[in-house]
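Right, one structure below, let's go through it.
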Amino acid sequence: EVLKNLNKFYKRKEIQRLGAENGLDARLFHQAFISFRKYIMESSSVSADLHIILNDICCGHVDDLFPFFLRHAKQIFPMLDCMDDLRKISDLRLPPNWYPDARAIQRKIIFHAGPTNSGKTYHAIQRFLSAKSGIYCGPLKLLAHEIFQKSNDANVPCDLVTGEERVFANEDARQAPHVACTIEMCSTNTPYEVAVIDEIQMIRDPARGWAWTRALLGLCAEEIHVCGEPAAIDLVTELMYTTGEEVEVRNYERLTPLTVLDYALESLDNLQPGDCIVCFSKNDIYSVSRQIEARGLECAVIYGSLPPGTKLEQAKKFNDPDDSCKILVATDAIGMGLNLCIRRIIFNSIVKPTVNEKGEKEIDSITTSQALQIAGRAGRFGSSFKQGEVTTMHRDDLVQLKEILSDAVPPVKAAGLHPTPEQIEMFAYHLPDATLSNLIDIFVSLSQVDGMYFVCNIDDFKFLADMIQHIPLNLRSRYVFCTAPLNRKEPFVCTTLLKFARQFSRNEPLTFDWLCRHTKWPLAAPKNIKELVHLEAVHDVFDLYLWLSYRFVDMFPDAVLVRDIQKKLDDIIQIGVCNITKLIRASQSAAAPGTAEAVSEDFPLSRTQKDARVASDHHSAASTEALSIAVEAAGLRRAKNSRPSRLGSRQEDVKSYGRGSLANRLLREGLLTQEMLRQLESEWQDQHRNGRYGLGSKRDDQHSSKETRKNRK
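Structural data, given as structure tokens:
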């Protein structure tokens, strides 16, 4: 009887309204009620006044229970007692006011808008070089390093500042008037004559967009030169309107023609010098590069997790007209940061894993912006190729690629924001017992932003916060560790951060000898792909050490020694990448026949051949993240967003392949795990049985929907 009345209490609109007035939104109200119900139903005894009320509600007075419910809610959500203060702290509606130094001057904003290879960044950099002082803010270490090099070569002293590195132009380590930095590292307190913000469209990035917002609103420069896609013009103009600053737009056209071919490559036998095959997974990189070299051709390889030095060496090898390497196999890492002499871009696929605004992983067609960024690398101005070409590997992808490239790039609608350490510290003052992960959750749930902004995805931050929660650290140090730039899909790097934090908490310096023991340095050249992947992870560990060394100098004292061995490791990785096909062969000979690594020499595979190949080893650490993508997210979303022509071919695919081979293809492409396959089969049988006997119900549908959402997350 009590349980029935408690549930009636929960469903009362009046009670929900009272809860909202006291700071309990729908999510908190639900969690508080679950806890309250459990407390009442499972406690051996309750207070006398609550006991009386429970008797009364059996007579129908359920509203009288609210004061007891609210008291319980405040015990499990202490922030309810200081909600007004917390709302003020998490009010993100006026970001321009966070930068009083920038607001104290009248800045001139110049937007250089144009596609890839239009000279927009070149003109901004020329103004940067002619200024008395300047700062360049780019999205990649490679870009910052390029401007650093170019500036010093032009006899304009320029420092380099990245998360892991500080290089001074002056030998006495005096600060130069110019600096090239990764955008997260820019100073909003130092005055400059000119600032350049590159790739401004990344202000919409779900994870890093906050850094572009901070630079745009906060840099103290007389002139701000913004470079990027025209799609960001309206948003930048609106943001600058709130600061009282006008935007001058300079439009640029592409300097060399770019042609979308009317035919697909279809076979690697049709490759020509200057071709670049773009893949969206490492497995495809390995497969394609081996098929190319099996045909007696040499290819360079570039993908995201390679160290910057190795990427530059591979680019140099491909660009060198005297080198026998004339083919490049790369991921979309070539989209920015590397100058490459590419004649023709060939998309091996036009779908790639993405992260949506909720932080969920999805497989979807590449966007128009991504396609233009990659395709635009062909026929670079000043290279040996006076025009660029773009096509696909498979014929049925070409129609959709043409549609994607012909679409207008959707306008950038909002700029990213991220809670500052000071805001989190103020939250912690009011909620001293909350974990850092909970503080972030509460901050995001209470934060108020206007329509021009959004709060960036903080899943990586929360992942690290939960991982080191048990280690005793002060809040500021804990916050720094949680902002460390690492790939959480790399177990070795994550466990190293954990060890760093544990040693740090004991006030024991992380020495060079300790790091060498942990990484088993010195390391030999890789003999197979697995060893190459591990070397890349070790390189990331060295990066992590260097990043922390600039934030905790005393505790990470051997940055110079670590940088030296990192350069040696870079050379070792370069040897591995140059011999990548040998490593693939070694990996395949060690693998059992029929596994994903046993790739046929005949490439490109026909659709039927692809479907027949089952990737049974997709449970590796690198692919586990991709496998967690739900089939619903991949299939339904792709179907929803696909153009009609593509949708038709998809339906034909499903008809022609049959159930078994479709499952194999989904397994191979990383959209499905064996466990998910078993669950789908079980659900399909249940639904078929229920449908046959008329037993299906709305409740079953809801349960199935919940399970699907759970898998998707």
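If you want the numbering used here, it's the 1-based position in the sequence shown plus 343.
For each residue, glycine too, the CB sits at the ideal point set by N, CA and C.
Source: prediction; values computed, not measured.
For His521, the secondary structure class from DSSP, reduced to helix, strand or coil, is strand. With contacts defined by Cβ atoms closer than 9 Å, Cys480 and Ala519 do not form a contacting pair.
Beta bridge pairing from DSSP links Val644 with Val672. Under DSSP, Ile540 shares a beta bridge with Cys480, Val569. Relative to Asn850, the option among Asp897, Asn871, Lys911 whose CA is nearest is Asp897. Under the three-state reduction of DSSP, Phe806 is assigned to helix. Excluding the 5 residues flanking it on each side, Asp424 has same chain C-beta neighbours closer than 7 Å at Lys417, in chain order.
Under a 10 Å Cβ-count criterion, Glu705 is classified as buried, with 16 or more other Cβ atoms of the shown protein chains found around its own Cβ. One thing to note: Tyr606 has its Cβ no nearer than 9 Å to the Cβ of Leu562. Rounded to the nearest angstrom, the Cβ distance from Trp553 to Leu741 is 38 Å, too far for a contact under 8 Å. Cβ-Cβ distances below 6 Å link Pro754 to Ala574, Asp577 in the same chain, with the five nearest sequence neighbours on each side left out; the list follows chain order. The three-state reading of DSSP puts Tyr772 in helix, counting H, G and I together. Looking from the CA of Val621, the closest CA among Ser692, Asp663, Leu649 belongs to Ser692. The alpha helix (DSSP H) runs of length 4 or more contained entirely in the stretch 746-792 are, from start to end of the chain, 764-773, 779-789.
Leaving aside the five residues that flank Leu840 on each side, the residues in its chain whose CB is nearer than 8 Å to its CB run, in chain order, Leu807, Met810, Ile811, Phe824, Ala827, Leu829, Leu887. DSSP assignment within the stretch 374-443 yields the following whole alpha helix (DSSP H) runs of 4 residues or more, N-terminal first: 391-400, 409-419, 426-432. Taken atom to atom, the span from the alpha-carbon of Gly506 to that of Met769 is near 26 Å. Nearest in C-alpha terms to Leu485, of all of Lys842, Ala447, Ala658, is Ala658. For Tyr595, no beta strand (DSSP E) encloses it, and the DSSP letter there is neither H nor E. Here Ala880 really is in contact with Phe835; their C-beta atoms are around 4 Å apart, less than 8 Å. Leu858 is the residue among Leu858, His882, Phe786, Asn626 whose C-alpha sits nearest the C-alpha of Pro900. Excluding five sequence positions before and after Phe847, the CB atoms of its chain that fall closer than 6 Å to its own CB belong to Met898, given in chain order.
Taking 9 Å as the cut-off, the beta carbon of Ala714 is found no closer than this to the beta carbon of Leu671. With at least 16 other beta carbons inside 10 angstroms of its own, Ile400 counts as buried.
In this chain, the alpha helix (DSSP H) harbouring Phe824 covers 818-825. CA-to-CA, the gap between Arg686 and Gly722 works out to about 5 Å. Judged by pairs of C-beta atoms under 8 Å, the stretch 723-733 does not touch the stretch 643-656, as fewer than three such pairs exist.
C-alpha of Ile927 to C-alpha of Ile785: approximately 47 Å in a straight line. With fewer than 16 neighbouring CB atoms inside 10 Å of its own CB, Leu437 falls in the exposed class. With contacts defined as CB atoms closer than 9 Å, Ala558 and Thr531 qualify as a contacting pair. If you draw a 10 Å sphere on the C-beta of Ala369, you find fewer than 16 other C-beta atoms in it, and that means exposed.
Taking 8 Å as the upper bound for CB-CB distance, Glu565 and Arg450 are in contact here, some 7 Å apart. Runs of the alpha helix (DSSP H) lying entirely within the stretch 678-730 and spanning at least 4 residues, in chain order: 711-718. Close CB contacts of Ile490 within its chain, under the 6 Å cut and outside five residues either way in sequence, are with Tyr479, Ala523 (chain order). Leu393 is not a Cβ neighbour of Phe409, given a cutoff of 9 Å. For Ile916, the uninterrupted alpha helix (DSSP H) segment begins and ends at 902-921.
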